[in-house]
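In the numbering used here, the protein residues as written are 20 to 138.
By construction, the Cβ of each residue, glycine as well, lies at the ideal position given by its N, Cα and C atoms.
Following: one structure in structure tokens, then a few remarks.
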Amino acid sequence: MELNELARQAARDSKRWFPNADHNVVLGALCLAGEAGEFCNEIKKVMRQSPYVRPQLKGAALEEFIDIFTYVLKLAGENDIDLEAEYNKKRDKNNLRWAGRVPEHPDPRLGGVETVEAL
């Protein structure tokens, strides 16, 4: 299924699952923020065990990550946002801004990365 169709499906699902909710940007943003907090909490649990362990997107963290994605899709579907077109516009803008950037203090934990590529 195409990304924009997933967005329309997420919006339809939300209206079907929560027919009495006021489906607006504020509610969507609050739901998105809540899921982002839950995702961060899962990452924190791993980091608390050992600050030298890199958390991975699996298990509960992956589930929360997909919840975030679902709310992004829902908001896009409810607001008729063409995700592919908007992503490409933002990617072009980021590429102009960040391409070829060299960090002032490369983080040795990242393998001595000296350049940061634009998304």
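Here Arg73 carries a coil assignment [DSSP, helix/strand/coil]. From the listed residues Asp32, Tyr71 and Asp101, the smallest Cα separation to Glu21 is found for Asp101. Out of Cys50, Leu49 and Ala55, the CA that lies nearest to the CA of Ala79 is found in Ala55.
Counting C-beta atoms within 10 angstroms of its own C-beta, Phe58 has 16 or more neighbours from the protein chains shown and is therefore classed as buried. Contact annotation: Arg27 and Gly96 have beta-carbon atoms nearer than 7 Å. When the alpha-carbon of Asn43 is set against those of Lys93, Asn113, Glu83 and Ile62, the nearest one is in Lys93. At the C-beta level, Ile62 and Pro74 come within 7 Å of one another. Rounded to the nearest whole angstrom, the C-alpha separation of Ala48 and Ala104 is 21 Å. Gly119 has its alpha-carbon roughly 31 Å from the corresponding atom of Leu81.
Assignment of alpha helix (DSSP H) within the region 35-121, counting only whole runs of 4 or more residues, yields 44-68, 78-97 and 102-117 in chain order.
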